[in-house]
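Numbering (the numbering used here), first residue to last: 4 to 171. For glycine and all other residues, C-beta sits at the position ideal for the given N, C-alpha and C. Step one of this worksheet: look at the structure below.
Written out as structure tokens, the structure reads:
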């Protein structure tokens, strides 16, 4: 898998990654312009990397035997939310844009995945299992791990993969 950019004006496509690895899950920072992505170039489970908008200046952010994924940039591109396995378990974490200061965001008990950082403020939406049930719901949490809010309450199906509607 490779990462491409499609230009809506020219309808041209530019390939950003040129290798034999699986490069997936890109998220383009609206501030600063770097692209976060997951690659298995150093681990079969994948790690989080960033690159310049033209595919240059690739930087590895995470080193984790168990792998990391699903990066989502904060509005000012100073931090990323991501899914990974650490001593705290399979959970959501945040880290600085340079790969330092990894912090637990949403605990393993919620079985969280798919973080989506909001456009304004410090809210992050994600999929997780409602405590005391077997249902996946959409939740919101502050970037410091406080203020957990259940946004859906679906007793029939699973709610997953949240996103935000709005303009930058």
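Excluding its 5 nearest sequence neighbours in each direction, residue 88 has C-beta neighbours in its own chain below 6 Å: 69, listed in chain order.
Between residue 111 and residue 128, the C-beta spacing is not below 8 Å.
Residue 85: member of the beta strand (DSSP E) spanning 82-89, first to last residue. Within the same chain, Cβ atoms closer than 7 Å to the Cβ of residue 126 are found at 143 and 145, the five residues on either side in sequence being excluded.
For residue 145, the enclosing beta strand (DSSP E) covers residues 139-145.
Annotation: residue 137 to residue 73 spans about 23 Å, alpha carbon to alpha carbon.
Counting only unbroken stretches of 3 or more residues, the beta strand (DSSP E) elements lying wholly within the segment 18-97 are 26-31, 38-42, 50-54, 71-76 and 82-89, in sequence order. Nearest to residue 17 by C-alpha distance, out of 100, 47 and 8, is 8. Per DSSP, residue 12 lies in no beta strand (DSSP E) segment and is marked neither H nor E. Taking every protein chain shown into account, the CB of residue 140 has 16 or more other CB atoms within 10 angstroms, so this residue is buried. DSSP, read as helix, strand or coil, puts residue 164 in coil. The beta carbons of residue 82 and residue 96 sit no closer together than 8 Å. Residue 44 is a Cβ neighbour of residue 24, given a cutoff of 8 Å.
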